[in-house]
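Order-wise, the sequence lines are chains A and B. Just so we're aligned: 39 in the working numbering is position 39 of the first sequence, and the numbers increase by one with no gaps anywhere. Just so we're aligned: 223 in the working numbering is position 223 of the second sequence, and the numbers increase by one with no gaps anywhere. Everything below concerns the one structure shown next.
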Amino acid sequence: MTSSYAVYDDGVLRITNTTNPPGLAIAGEIDESTYPGLLSALQRSADGRAEIHFSLGGLKYCDLAGLRAIVCATGADGCDGSFNDRRGRRRAVVLHEVPPQLITVLRIVGWDSTPGLTLDLPGRVAARGSVGNMQGRAVV
Amino acid sequence: MSTEGAGATFQHGVCVYDSDRQFLETAVPFLAEGLALDEPALAVTTPANLELIGAALGQRGGDVDYAESAFFGRRPPQRVAAFYRYWRTRGAARDAATPGNLANPGNRAIQGGAARVRILAEPVWAGRSAREIAAWTRMESALNVALAATSISMICPYDARTLGGDIVADALCTHPLLITGQRSSPSARYVDPAAFARSRDAGPLADPPGDAAAFAFNGDLRALRRFITDRAAEYGVAGDRADMLVLAVSEVGAYLKRQPPGGAAVRTWEQPGAVVCDFRQPGGSIDDPFLGLRPAELEPGDGDGLWLSNQICDWMEIRSGADGCAVQLQVPSRHDQELAAQPGIRYPA
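So this is what it looks like as structure tokens:
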């Protein structure tokens, strides 16, 4: 995953654009103090895209509201609509390098099965209908 | 219990039985009718009762989802979540598979609109402490609120042969419906869940020991997380467990920060079986007796963060009184061996 420039950096949360695949690398800590920065970066990055990739390997902390914002980039039912595509389409969101505790939280709250959301977990066999062109990577 | 025309309402009945025959007279028609109507049906009960149901249903029984009670929600908050998860996944799957379902084109997940599911849910009471019995009893009442928006039909069998009279008497107050055989009638002793919670308001929380570690939380969540991270290391709580403790504590901090007067005195200590984190907020007030019990959704709701903390912790108790409010949570100490013996036992795998 190649990244270019920071789209947000307040010293606690650092978000950079990635180009291959297109999306964001999100690193640092997400709580209410960094949430507005996260939200605007997610919205700008997702706008006009049918598929977006978030790399979370550098995420040290993410509260439930932050995780909800990331999941809601899919525009799934129940989300508040701030990510909805202008034509009302939903969006494929692929999460890479997801920290173990975030996988646990996604499963506890049940958001791992959100339509459009894919977790790129190492060592899993690719599921039918998975998105992205992740050659050599397992996508479930 | 007939579920026809019930719409999106939670139905919650108690069946007090004193023989295997009586148990089966309610359990078998309830589950079999669900299968006949193509409603997902789940039996959560004792191993002995699961065997009885299997033998009585024969070949049909293969379509009944099942779980041993002890392994379907370790604590009351996880039990509520397990019921909710079953409804969201199995009810939604069934709804999506229904041909010509115009409400769900394209097989999308259901948000608050899954099809009706049936759950036979017998809690485990044997061997529980008084504190645990009180918590499970409060949960039976709180289910009527926490699951109100679901289309779950639930019957809770209570075995009068083994249970104390108090437990059975409380069951009549916590379930709006009485089930006898296949008949359902209103429970005359049913108590409104908020009134029930107030009537069972537990006593004050244990005071922190004198040598507890203290931290003055002034709203700086990162500082709170640094404090609890250091404390976890001190107590030997490491890896994923430490990360989850930090998450639980930070979500409680975020909730208390948002409500006046904000901030709290935080103390931590270790006791047999637990690492404890205690928040005291003088002047604060928490009125909602069901805070942290309503399952979190993609649509934000009040107390979602506390719901997550409740899922992570072994215990989370909330108190509110004239002096202010308090939240006390517990996670397993480093001496806990359950996780080592059976990874994934505490969280969904």
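All C-beta atoms, glycine included, are put in the ideal place defined by N, C-alpha and C.
- Counting only runs of 3 or more residues that sit fully inside the region 24-87 of chain B, the beta strand (DSSP E) segments are 41-45 and 65-68, in chain order.
- Put simply, the CB of Arg44/A is far from chain B, with every gap to its CB atoms at 9 Å or more.
- For Leu13/A, the beta-bridge partners assigned by DSSP are Gly28/A.
- Listed in chain order, the beta strand (DSSP E) elements of length 3 or more contained wholly in the region 181-242 of chain B are 183-186 and 213-217.
- Burial check for Gln101/A: the Cβ neighbour count within 10 Å reaches 16 or more, so the residue is buried.
- Distance between Ile119/B and His175/B, taken at the CA atoms: about 14 Å.
- Taking C-alpha positions only, Phe72/B is separated from Val124/B by approximately 10 Å.
- For Ala232/B against Ala242/B, the beta-carbon gap comes to about 4 Å, under 8 Å, which counts as contact.
- Note on geometry: alpha-carbon atoms of Pro40/B and Gly91/B lie some 7 Å from one another.
- Fewer than three pairs of CB atoms, one per stretch, sit closer than 8 Å, so the region 300-316 of chain B makes no contact with the region 264-271 of chain B.
- In this structure, Leu13/A lies away from Ala25/A, with their beta-carbon atoms at least 9 Å apart.
- With distances taken between CA atoms, Arg116/B lies nearest to Ile152/B out of Asp20/B, Pro272/B, Ile152/B and Trp269/B.
- In the DSSP annotation of this structure, the continuous segment of the beta strand (DSSP E) that includes Gln330/B starts and ends at Gly324 to Val331.
- With a contact defined as Cβ atoms closer than 8 Å, Leu119/A and Asp112/A qualify at about 6 Å.
- Within chain A, the residues whose beta carbon sits less than 7 Å from that of Gln311/B are Ile108, listed in sequence order.
- The criterion of a C-beta distance shorter than 9 Å is not satisfied by Val276/B and Leu339/B.
- Under the Cβ distance rule, Tyr61/A counts among the residues neighbouring chain B, one pair being separated by less than 9 Å.
- Restricting attention to Tyr158/B, Pro300/B, Tyr84/B and Arg225/B, the CA atom closest to the CA of Asp170/B is found in Tyr158/B.
- For Ile167/B, the enclosing alpha helix (DSSP H) begins and ends at Gly165 to Thr174.
- The three-state secondary structure of Gly37/A, taken from DSSP, is helix.
- For Arg21/B and Gly292/B, the gap between their C-alpha atoms comes out near 38 Å.
- Within the region 120-159 of chain B, the alpha helix (DSSP H) runs of at least 4 residues that lie entirely inside it are, in chain order, 130-146.
- Only those residues of the region 2-33 of chain A whose C-beta falls short of 9 Å from the nearest C-beta of chain B are listed: Val12, Glu29, Asp31, Glu32 and Ser33.
- Contact between His53/A and Val94/A holds, with the beta-carbon distance rounding to 5 Å and staying under 8 Å.
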